[in-house]
DNA sequence: CTCTGTGAACCACTTCACAGCA
DNA sequence: TGCTGTGAAGTGGTTCACAGAG
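Here's what the structure looks like:
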């Protein structure tokens, strides 16, 4: 088994090394905070209090402070947070202070749509390639110019391009083997769009975006959550 | 075999009507259970215990029993659950015992990809139409034949087709007004793909699939979750 | 004075463990 | 016997409330 060894940092310096357990919920909120802060920055706001953030963006002030406290002391008592400062810190915490290389496996409707998703560029995510096995697709390009290459190039691509994240948008029945291949190639973060949750080793982070579950949850709400007039 | 349970109502109200609070986490798991049960059913399995389900699909047995217990007593002590029976119950609980009408607003890459997503048909979700405002798109069809109509038809469509769920895949800046329009048209369940969370009235269920948050969470993991050898 | 950072209280979800039924 | 359904215990995340910095 893998044994997690907690390496003692030289005394008590800031944790950037993921020492303290930070919950997934917290990390998801960090993205939200960053978005809010960027909006404030764009509006020319210089400082903001946790209360100000909370009321403006429908959040909880104490939670903002707690979430940030995991990573250091970014605020000034009596003042709040310097917007530009906090933005920089959040980007660094989220690892967005560099370009993130993404490969999308499966050049079907969804894969192609994702490759052309405009939100990526501006957020520092760089879709390096689409991979597929279909002869007629390989060699083509997505509308925005992402090249489609053969899936067998995965290993080479990951190594040469230092791929950070693999997106899996293949038919359900191919999901597990695709994930296995991605893991074997050395990718440590995977976003899976197939229903179900493929197995991955402990050192790999897998996120599932399960459309079926989402739709069925909405259906549940319609069937149960409500009293018809 | 046929286990006609449940019962005439005793004096006081039973659930089914959303009386007991059922958490979102529970409802998401119901979808998972249904998927597992359908797989077992397809394999010809007749009965399954919570333990069997748990070990086979990487779940927790007590949690399965607790989740199901919110909706009735579907199991047989000493035996487990009849697969066909449980499947029927789960479908009914999730509101999948009828066709769910879906409209997708925004016939961009993502909207078109979603409209053609194969998983829908087999799950009873019926994508009735795509809506868009672009002249050149209106009147066209998605690859699988979903018609693209003008967004101004929303009200009529919702009323005539009894739309259950609206999917919002429009540019970020149009998300809030789109959601407002959908709500005004009388739709009570919305799946939003734009970043951020539009405001909706309390009686409307909104689910956000925020790609940005998801990618940034993966980025966070890469930046913090790991020690490079 | 204002607002952060944080222990403590609170609440929600999960897991345990067992009584009791088939 | 083997299993469900469920109170009780455990865990983790959120909110409160306040000491103390600026």
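Chains as they are written, first to last, in this note's numbering: chain G, 1 to 229; chain L, 1 to 229. Note that beta-carbon positions come from the ideal geometry of N, C-alpha and C, so glycine has one too. These figures come from a predicted structure and were not determined experimentally.
If we define contact as Cβ-Cβ less than 8 Å, is residue i a contact residue for chain L?
i	result
residue 95 of chain G	yes
residue 216 of chain G	yes
residue 116 of chain G	yes
residue 164 of chain G	yes
residue 24 of chain G	yes
residue 84 of chain G	no
residue 149 of chain G	no
residue 88 of chain G	no
residue 65 of chain G	no
residue 205 of chain G	yes
residue 35 of chain G	yes
residue 2 of chain G	Because residue 2 of chain G sits at a pLDDT of 33, beneath the cut-off of 50, its placement in the model cannot be relied upon, and the following sentence gives the value as read from the coordinates. Closer than 8 Å: no.
Spell out whether any CB of chain G is found under 8 Å from the CB atom of residue i.
i	result
residue 121 of chain L	no
residue 8 of chain L	Residue placement at residue 8 of chain L cannot be trusted, given a pLDDT of 32 that sits under 50; what the coordinates show is reported in the next sentence. It does not; no Cβ of chain G falls within 8 Å.
residue 31 of chain L	yes
residue 229 of chain L	Bear in mind that the predicted position of residue 229 of chain L carries a pLDDT of just 39, short of 50, making it too unreliable to give a figure here.
residue 191 of chain L	yes
residue 74 of chain L	no
residue 211 of chain L	yes
residue 61 of chain L	no
residue 134 of chain L	no
residue 178 of chain L	no
residue 109 of chain L	yes
residue 219 of chain L	yes
residue 198 of chain L	no
residue 195 of chain L	yes
residue 47 of chain L	no
residue 223 of chain L	yes
residue 28 of chain L	yes
residue 53 of chain L	no
residue 112 of chain L	yes
residue 100 of chain L	yes
residue 188 of chain L	yes
residue 11 of chain L	Model confidence at residue 11 of chain L stands at a pLDDT of 29, short of 50, so the residue's coordinates are unreliable and nothing is read from them.
residue 152 of chain L	no
residue 77 of chain L	no
Please state if the CB of residue j and the CB of residue i are separated by a distance shorter than 8 Å.
i	j	result
residue 168 of chain G	residue 105 of chain G	yes
residue 195 of chain G	residue 172 of chain G	yes
residue 49 of chain L	residue 80 of chain L	yes
residue 30 of chain L	residue 83 of chain L	no
residue 128 of chain G	residue 120 of chain G	no
residue 222 of chain L	residue 166 of chain G	no
residue 89 of chain L	residue 20 of chain L	no
residue 262 of chain L	residue 130 of chain G	Not covered by the structure: residue 262 of chain L. The range shown for chain L is 1 to 229.
residue 74 of chain L	residue 67 of chain L	no
residue 220 of chain L	residue 209 of chain L	no
residue 54 of chain L	residue 60 of chain L	yes
residue 101 of chain L	residue 162 of chain L	yes
residue 134 of chain G	residue 109 of chain L	no
residue 158 of chain G	residue 185 of chain G	yes
residue 230 of chain G	residue 143 of chain G	As displayed, chain G neither begins before 1 nor continues past 229, which places residue 230 of chain G out of reach and without an answer.
residue 91 of chain L	residue 34 of chain L	yes
residue 191 of chain G	residue 216 of chain L	no
residue 198 of chain G	residue 174 of chain G	no
Pull the bridge partners of residue i from the DSSP assignment, please.
i	result
residue 126 of chain G	G:101
residue 27 of chain G	DSSP lists no partner for residue 27 of chain G.
residue 207 of chain G	G:191
residue 132 of chain L	L:150
residue 165 of chain G	G:102 and G:189
residue 117 of chain G	None; residue 117 of chain G has no bridge partner.
>> Closer than 8 Å is the cut-off here; do at least three beta carbon pairs connect the region 143–157 of chain G with the region 166–185 of chain G?
In response: yes
> Can you list the beta strand (DSSP E) stretches of 3 or more residues lying completely in the region 16–96 of chain L, in chain order?
Replying inline: none
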